[in-house]
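See below for the structure under consideration.
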Amino acid sequence: MTEYNLSEIRAFLHDNFGFEFAPNRDKELHSKLTTAAKAFQISDTEEFINWLLKQQFSADLSKKLAEYLTVGETYFFREKTALDYLENEYLPYLVNTKNKDSKRLKIWCAGCSSGEEPYSIAIIVNRFFQKLDGWTIKLIASDINPLAINKAKTGIYTKWSFRNTSADLQKTYFDETPDGKYQIKSWLRNSVDFRFLNLMNDPFPNLIGGMNDFDVIFCRNVFIYFSQDAIKAVSSKFYKSLKEDGILAVSPVEASSVMSSEFNFFSHQGTTLFRKSSSSPKKNNGSLFTHNKIANNTPIKKIANHQSLLTNKNTGKAPEKPRREIQPEKEDKPLTIEAAMENANLGELEKAKQICLAIINKNKTNYNAYFLLANIYFEQGLKNEASWAFSQSIFLKPQLVMAHFLLGELNRNTHFKEAQKHYSNALKELETLPSDAILEESDGIKAGELKYLIQDIING
7 MTEYNLSEIR
17 AFLHDNFGFE
27 FAPNRDKELH
37 SKLTTAAKAF
47 QISDTEEFIN
57 WLLKQQFSAD
67 LSKKLAEYLT
77 VGETYFFREK
87 TALDYLENEY
97 LPYLVNTKNK
107 DSKRLKIWCA
117 GCSSGEEPYS
127 IAIIVNRFFQ
137 KLDGWTIKLI
147 ASDINPLAIN
157 KAKTGIYTKW
167 SFRNTSADLQ
177 KTYFDETPDG
187 KYQIKSWLRN
197 SVDFRFLNLM
207 NDPFPNLIGG
217 MNDFDVIFCR
227 NVFIYFSQDA
237 IKAVSSKFYK
247 SLKEDGILAV
257 SPVEASSVMS
267 SEFNFFSHQG
277 TTLFRKSSSS
287 PKKNNGSLFT
297 HNKIANNTPI
307 KKIANHQSLL
317 TNKNTGKAPE
327 KPRREIQPEK
337 EDKPLTIEAA
347 MENANLGELE
357 KAKQICLAII
367 NKNKTNYNAY
377 FLLANIYFEQ
387 GLKNEASWAF
397 SQSIFLKPQL
407 VMAHFLLGEL
417 NRNTHFKEAQ
427 KHYSNALKEL
437 ETLPSDAILE
447 ESDGIKAGEL
457 KYLIQDIING
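For the sequence shown, my numbering assigns the number 7 to the initial residue and increments by one for each residue that follows.
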């Protein structure tokens, strides 16, 4: 490879993935690209690089190329200090103070690799909330490598993945397979929402995809691949995706690279954690939160419906219009969908709701406002209100595929027959569209991608 080609491909990988391959890693980079070239059925590595540089970057290209650029070696309860902080410090703070009234918890594991980390978090959440009723919990896990995501969804691991866990934990949360491996129990496997996501290029925070307003983000052993500019850009997106007082956990070797971001940082048992706050100082020694800890000494058991964002029971009745809509605030603010979406993406759901209602009061036929309002209700756990608003958007625009799909998602964990009806309506509309068509109100999802996802859901 020529120095020019190397320089160009380094820039390509940085701009599209955030990855940094320094000149002293040229041999490694060449090896990865040679392997990738074969998968793309191009025999010559330099020819592959020249071809790659001419391509328009897309989700499909990203998925295929990422398989050969990342290596995910991990195990259950790796780097346990941050996980201990979550279980023994931060969750009690949320339960007793911050989220006491809302009873909602939202966690994102970014760069989840083959799933050991998000399942470790799911075990902690199960263990902690076993004595607490009425909580709505959402755990999202994402990675750029589709092979890793598929392995995580399957949830089958060898003994090597359990080198930091007890036999009792394996027995409680895993089933042994005939070939001597271990598969995580289906109810816990279903509690994690696995997704493909490019941290550098994909948009977040994003209300429509549920990628906003998190209490906790874990992103460990990911920034080691990134340039400092990419770390700064992604850290800023993480900051905007967290609630006030939300925390970001990175690996110890990555902590220094995040310290220049908007986050405040503090130490816990030698591990640096990052907190979103508009008021506290940049550094704080020790925990930032005071709380009463909750005893957790009863037998571990499954928590029903914690895999669902919404835990309201489905009555089976037709969606009802909310009895009383909140009236728009009197203060002056731009009454645009863009302004509402901006507030929603930053977690200002009440402000976003007010704008949507004001838009609807002025124009009862604005299906975009109803659709966004439905997503806000969805995020707030207001199932009847969300169903009503989605139904209004479909009444005004029957071809709005995402509204049909999200109505299916709304009913998926509580009333699957009802959900199937909405999924079928979405599929009917998708049949009329080219596979590469970008769906309205989807933030970049293609018709073919959503069709595949719905079929996968229906087929179980």
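Where a beta carbon is used, it is the ideal one built from N, C-alpha and C, also for glycine.
DSSP three-state assignment for residue i, whether helix, strand or coil
i: residue 189; result: strand
i: residue 84; result: coil
i: residue 410; result: helix
i: residue 148; result: strand
i: residue 217; result: strand
i: residue 394; result: helix
i: residue 25; result: strand
i: residue 181; result: strand
i: residue 362; result: helix
i: residue 354; result: coil
i: residue 421; result: coil
i: residue 250; result: strand
i: residue 55; result: helix
i: residue 367; result: helix
i: residue 30; result: helix
i: residue 382; result: helix
i: residue 94; result: helix
i: residue 400; result: helix
i: residue 110; result: strand
i: residue 460; result: helix
i: residue 199; result: strand
i: residue 465; result: coil
i: residue 212; result: strand
i: residue 46; result: coil
Cβ neighbour criterion (16 or more within 10 Å) applied to residue i
i: residue 161; result: buried
i: residue 140; result: exposed
i: residue 344; result: exposed
i: residue 435; result: buried
i: residue 35; result: buried
i: residue 182; result: exposed
i: residue 138; result: exposed
i: residue 1; result: Lying before the first or after the last residue shown, residue 1 is absent from the chain, which here runs from 7 to 466.
i: residue 99; result: buried
i: residue 169; result: exposed
i: residue 407; result: buried
i: residue 453; result: buried
i: residue 5; result: Only positions 7 to 466 of the chain appear in this structure, which leaves residue 5 out of reach.
i: residue 66; result: exposed
i: residue 326; result: Caution is warranted here: a pLDDT of 49 is assigned to residue 326, below 50, making its placement in the model unreliable, and the coordinate value is therefore given only provisionally. Classification for residue 326: exposed.
i: residue 228; result: buried
i: residue 30; result: exposed
i: residue 368; result: exposed
i: residue 222; result: buried
Among the options, the one whose alpha carbon lies nearest that of residue i
i: residue 363; options: 351, 115, 75, 342; result: 342
i: residue 110; options: 178, 101, 116; result: 101
i: residue 51; options: 62, 61, 63, 38; result: 38
i: residue 237; options: 463, 458, 21; result: 21
i: residue 202; options: 118, 384, 464; result: 118
i: residue 467; options: 155, 164, 85, 271; result: The structure shown does not extend to residue 467, since the chain is modelled only from 7 to 466, so the question has no answer here.
i: residue 58; options: 104, 33, 424, 11; result: 11
i: residue 465; options: 442, 446, 423, 46; result: 423
i: residue 185; options: 164, 224, 443, 448; result: 164
i: residue 193; options: 416, 132, 398; result: 132
i: residue 70; options: 47, 56, 91; result: 47
i: residue 64; options: 121, 392, 206; result: 206
Neighbourhood of residue i by C-beta distance below 7 Å, restricted to the same chain and skipping five residues each side
i: residue 16; result: 27
i: residue 296; result: Bear in mind that the predicted position of residue 296 carries a pLDDT of just 43, short of 50, making it too unreliable to give a figure here.
i: residue 353; result: 218, 219, 249
i: residue 191; result: 179, 180, 181
Own chain partners of residue i with C-beta closer than 6 Å, once the 5 adjacent residues on each side are dropped
i: residue 241; result: 264, 267
i: residue 25; result: 19, 231
i: residue 199; result: 146
i: residue 87; result: 275, 277
i: residue 431; result: 410
Residues bridged to residue i [DSSP beta-bridge criterion]
i: residue 163; result: 188
i: residue 452; result: 444
i: residue 281; result: 253, 270
i: residue 115; result: 147, 224
i: residue 244; result: According to DSSP, residue 244 bridges with nothing at all.
Residues of its chain near residue i, where Cβ-Cβ distance is below 8 Å and the 5 sequence neighbours each way are ignored
i: residue 166; result: 81
i: residue 349; result: 355, 357, 358, 361
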